[in-house]
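Step one of this worksheet: look at the structure below.
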Amino acid sequence: MSSVQVALLLFGVFFAMLLVRVPVAFALGLACVPVFFIDERLTPFLLLNEMLKSYNSFLLLAIPFFLLAANLMNAAGITDKLINLARSTVGHLPGGLGHVNVVVSMLFAGISGSSTAETAGVGGVLIPAMQRQGFDARFTAALTACASVMGVIIPPSILMVVWGGVISVSIGGLFLAGVVPGIMIGLSLMIVVVIYAKRRAYPVHPRATMAEFGRSLLHALLPLATPAIIVGGIVGGFFTPTEASVIAVLYALVLGVAVYRTVPIRSVPKVLYESGRFAAISLFCIGTASAFGWLLAYFRIPQIFVDWVSGWGGGPVSVGFIVAGAFLMAGCFIDAIPAIIILGTILAPLATTVGMHPIHFAIIGVMSIAFGLVTPPYGLCLMIACAIGKVTIRETLKDVLVLLLPMLGVLCFVILFPEAILALPRWIMPAFVK
Amino acid sequence: MISTFISAIYRTLQVLLTALMALLIVPVVLQIFSRFTELIPRYIWTEEVARFCFIWIIMLGSMIAVRDDSHFDLEVLPTPKTPRGRATARLIRHAAMLVVALTFVWFGYDFALFGYQQESELTGLNMLTIHIAWPLAGAVYVIFLGEKMAQDVRVYRGGTDE
């Protein structure tokens, strides 16, 4: 069989299985099975072996810990403290709680590395609050979902950990490179909120006094120290990303159990179980996706793709748009982690060929795949936000599209001006980022 | 009787997953402490123990998610209108998953033997303790999927949902 035929078989079986609602992880494994029988040097034994190899990674251990830290912070009620801080900072702008939603998501993004934990945490509190104040349910759910995309773009980020582990890029460098695009997305969403607020006459909060602001800042100070500990610890070389994620867990435990006393000890096992189960489901996909990616590489499919695209004679900019397009499309249908493994494997050689900086390539990939969290049919954050807001995904689509436009604008900016995102890692970690 | 047994397996998996998550924190904390303080020596086994706990967490979680149907999937086609149609759709999905489960059991046997012949690099643990997770997961998937498929066959025959 030729490589192209193998590629058709792999992707054909995979999509056919998705169509009959076979879970993504199983569909990837199933797609591999027939291919293992067409070459006598291959056996399904390799499927299990590739899975084990992909799980046997100290780096990926950071993922359950980052999830656990985020869930503990949620259980500890730090969201309320962040909301008070955001309200006293931006609550008086037109569209009051809408801005609070965006700003809280930015703050929360600095504390957690997971967008879904963010939608659940921030949305659980703010969606009902916004609806009570007269924001319509569709816009509220759409905004919460879009704002929580920042969770994986602003450091720390679970997706960047996966990317760094699979494609070998400095995670500290990735984290730093995510800061500028993350903040830009936040600001662009706030502009959209202002436009909506003017047209729909959304309510505004009275401006907070300096004393109120000071008080809310003081209350939020302890949780806000988390990003400094995590990102500072990694970038400063004090600990590895995995160790930093455990520090975040311990810090969240201390805050929840001892300082705020909002997390009773007996509820900890439940948080442990929920975080472990969710991490396991996401990570299980890594195994079958790695086997899938391994088969693609074995049949030299990425190389064929590189030759094909190089034939067009594009430079880093056009490759940047190809990368973004591919990840955006994949993000509509599959989970972020398998998308990174499969598309990352295919596209990485292409990015290298045209001389794209690995961090630039990674940030374009992570941003595009993060947008997939709000694009149907498979957009986890949108699903969670809709479930909280009691609206259907179909109803929110128009608002999601409007909110996505400026976010896509930021993505184009990042593709066109790599220097804008590379400046920060180059300045702070010159030894690691050329 | 059978369903009680299957629920007991499910419950055990949940307890194990929770315990391993708690356990997972210990070696990584030891690793940090040993680097920054003089209180404990710099163990080298911590990294490996953490990785092995992690592998088991993933495999246990994958088993649990087969029973509670929480593996990520995609809703592309509309849901069938009749109970019989829905049962058929579920049967197709679960039959496909069963192929993966049986692959894990069948090739997992050799995989486990392959593990039995190796020892881990840092702690000298027999690798069977890790490799066995695959055939075991396969067997547990088969049990959980069997329970679901039996139920759907009943629905298909009777023509109504439970």
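Protein chains in written order, with my numbering: chain Z, 41 to 474; chain E, 347 to 508.
All residues carry an ideal CB built from backbone N, CA and C; glycine is no exception.
Inter-residue spacing [alpha-carbon to alpha-carbon] between Z/Leu214 and Z/Ile403: 7 Å
Closer than 7 Å to chain E by CB, Z/Asp375: yes
Looking at Z/Ala185: is its Cβ nearer than 7 Å to the Cβ of Z/Ser145? no
Beta-carbon separation (whole angstroms), E/Ser380 vs E/Pro373, contact threshold 8 Å: Not really, about 10 Å apart at Cβ, beyond 8 Å.
Start and end of the alpha helix (DSSP H) containing Z/Leu199? Ile198 to Ile207
So, do the stretch 196-206 of chain Z and the stretch 90-99 of chain Z have three or more beta carbon pairs nearer to each other than 8 Å? yes
Under 7 Å between C-beta atoms, does E/Thr469 make it to chain Z? no
According to DSSP, E/Glu465 sits in a beta bridge with which residue or residues? According to DSSP, E/Glu465 shares a beta bridge with E/Asn472.
Measuring CA to CA, which of Z/Ala370, Z/Phe345, Z/Gly371 and Z/Cys372 is closest to Z/Leu359? The sequence given here places Val at residue 359 of chain Z; Leu does not occur at that position. Of the candidates Z/Ala370, Z/Phe345, Z/Gly371 and Z/Cys372, the one whose C-alpha sits nearest the C-alpha of Z/Val359 is Z/Phe345.
Nearest by alpha-carbon distance to E/Val446: which of Z/Leu456, Z/Phe361 and Z/Leu70 is it? With distances taken between Cα atoms, E/Val446 lies closest to Z/Leu70.
Mind checking if E/Val446 is an interface residue toward chain Z, Cβ cutoff 7 Å exclusive? At least one chain Z Cβ lies under 7 Å of E/Val446.
Inter-residue Cα distance where the pair is Z/Pro281 and Z/Ile287: Cα to Cα, Z/Pro281 sits roughly 10 Å from Z/Ile287.
What's the gap between the Cα of E/Glu384 and the Cα of E/Ile378? 11 Å
Any chain Z beta carbon closer than 7 Å to E/Arg439: yes
Does the stretch 105-121 of chain Z touch the stretch 295-311 of chain Z, meaning 3 or more C-beta pairs lie closer than 8 Å? yes
For the stretch 70-99 of chain Z, which residues have a CB atom closer than 8 Å to at least one CB atom of chain B, in sequence order? Among the protein chains in the structure shown, which are Z and E, there is no chain B.
May I ask you to report which of helix, strand or coil DSSP gives E/Leu482? Here E/Leu482 sits in helix by DSSP.
Buried or exposed (CB count within 10 angstroms, at least 16 for buried), E/Val499: exposed
Under 8 Å from the C-beta of Z/Glu283: neighbouring residues of chain E: The contact set of Z/Glu283 on chain E, defined by CB atoms closer than 8 Å, consists of Val374, Gln377 and Ile378 in chain order.
Kindly list the residues whose CB is nearer than 7 Å to the CB of Z/Ser152, restricted to its own chain and excluding five residues on each side of it in sequence; keep chain order. Phe106, Ala109, Ala110, Met113, Glu158 and Gly191
Output the residue ranges of the alpha helix (DSSP H) runs that lie fully inside the stretch 353-421 of chain E and measure 4 residues or longer, sorted by chain position. The DSSP assignment places complete alpha helix (DSSP H) segments of no fewer than 4 residues inside the stretch 353-421 of chain E at 391-413, in order along the chain.
Whose CA, out of Z/Glu90, Z/Ser256 and Z/Lys238, lies closest to the CA of Z/Asp120? Of Z/Glu90, Z/Ser256 and Z/Lys238, the residue nearest in Cα terms is Z/Ser256.
Cβ pair count under 8 Å reaching 3, the stretch 130-141 of chain Z against the stretch 79-89 of chain Z: For the pair of segments examined, the stretch 130-141 of chain Z was found not to touch the stretch 79-89 of chain Z: the number of CB pairs separated by less than 8 Å stays below three.
Distance, Z/Arg172 Cα to E/Phe400 Cα: 43 Å
Within 8 Å, do at least three Cβ pairs link the stretch 362-369 of chain E to the stretch 306-313 of chain Z? yes
Beta-carbon gap between E/Arg439 and Z/Val62 smaller than 7 Å: yes
If you compare alpha carbons, which of E/Leu420, E/Lys494 and E/Ala441 is closest to Z/Phe55? E/Leu420
Residues in its own chain within less than 7 Å of E/Ala483 by CB, not counting five upstream and five downstream? Met405, Ser408, Met409 and Phe450
Within the stretch 102-162 of chain Z, ranges of the beta strand (DSSP E) (whole runs, at least 3 residues): The stretch 102-162 of chain Z contains no whole beta strand (DSSP E) run of 3 or more residues.
Just to confirm my understanding: we take Z/Ser464, look at its own chain, exclude 5 residues before and 5 after, and list those with CB closer than 7 Å. What are they? A small fix is needed here, since residue 464 of chain Z is Leu in this sequence, not Ser. These residues qualify, in order along the chain: Leu216, Ala217, Val219 and Val220.
Of all the options Z/Ala364, Z/Leu390, Z/Ile374 and Z/Tyr236, which has the alpha carbon lying nearest to the alpha carbon of Z/Trp352? In terms of Cα proximity to Z/Trp352, the closest of Z/Ala364, Z/Leu390, Z/Ile374 and Z/Tyr236 is Z/Leu390.
Chain-ordered neighbours of E/Gly431 on chain Z, where CB pairs are closer than 8 Å: Residues of chain Z with a Cβ closer than 8 Å to the Cβ of E/Gly431 do not exist; the shortest Cβ-Cβ separation is about 13 Å.
Considering only residues of the same chain and omitting the five flanking positions on each side of E/Ser349, which have a CB-CB separation below 8 Å? Excluding positions up to five away in sequence, the list reads Glu493.
My understanding is that Z/Ala410 touches Z/Leu383, with C-beta atoms under 8 Å, so please give their C-beta distance in whole angstroms. At roughly 14 Å, the Cβ-Cβ gap does not stay under 8 Å, so Z/Ala410 and Z/Leu383 are not in contact.
Just to confirm before moving on: does the CB-CB distance between Z/Val363 and Z/Leu387 stay below 7 Å? yes
Cut-off 6 Å between Cβ atoms - residues of its own chain near Z/Phe373, not counting five sequence neighbours on either side: Within the same chain, Z/Phe373 has close Cβ partners Tyr418.
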